[in-house]
Amino acid sequence: MAGESGRSERANSIQPLGRMGEPKEVAKVVTFLLSDKSSYVSGSDWAVDGGLGARSA
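Right under this line is the structure:
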């Protein structure tokens, strides 16, 4: 769809990394947080947003 391409380009243009995240990139963070490797993580917010939150702060 023609409109969809324009929306994707606009969304990518505001992302600090220049692209939208892939589901597997989010899944890797979720997998880590569910694993024993994250046993020392407590009370933290994890923004998996490609730097968008840091840009708007």
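Per UniProt numbering, numbering of the sequence shown is gapless, rising by one per residue and ending at 57.
Ideal Cβ positions, reconstructed from N, Cα and C, are used throughout, including at glycine.
Open item on the list: Quick check: the Cα distance between Lys28 and Asp36, rounded to an integer number of angstroms?
Closed with: Inter-residue distance for Lys28 and Asp36 is about 14 Å (C-alpha atoms, whole angstroms).
Open item on the list: Taking 8 Å as the threshold (C-beta atoms), are Gly6 and Gly50 in contact?
Closed with: Not a contact, by the Cβ cut-off of 8 Å.
Task: Gly50, DSSP secondary structure in three states - done: Residue state, collapsed to three classes: coil.
Task: Which of helix, strand or coil DSSP assigns to Val26 - done: If DSSP states are grouped into helix, strand and coil, Val26 belongs with the helices.
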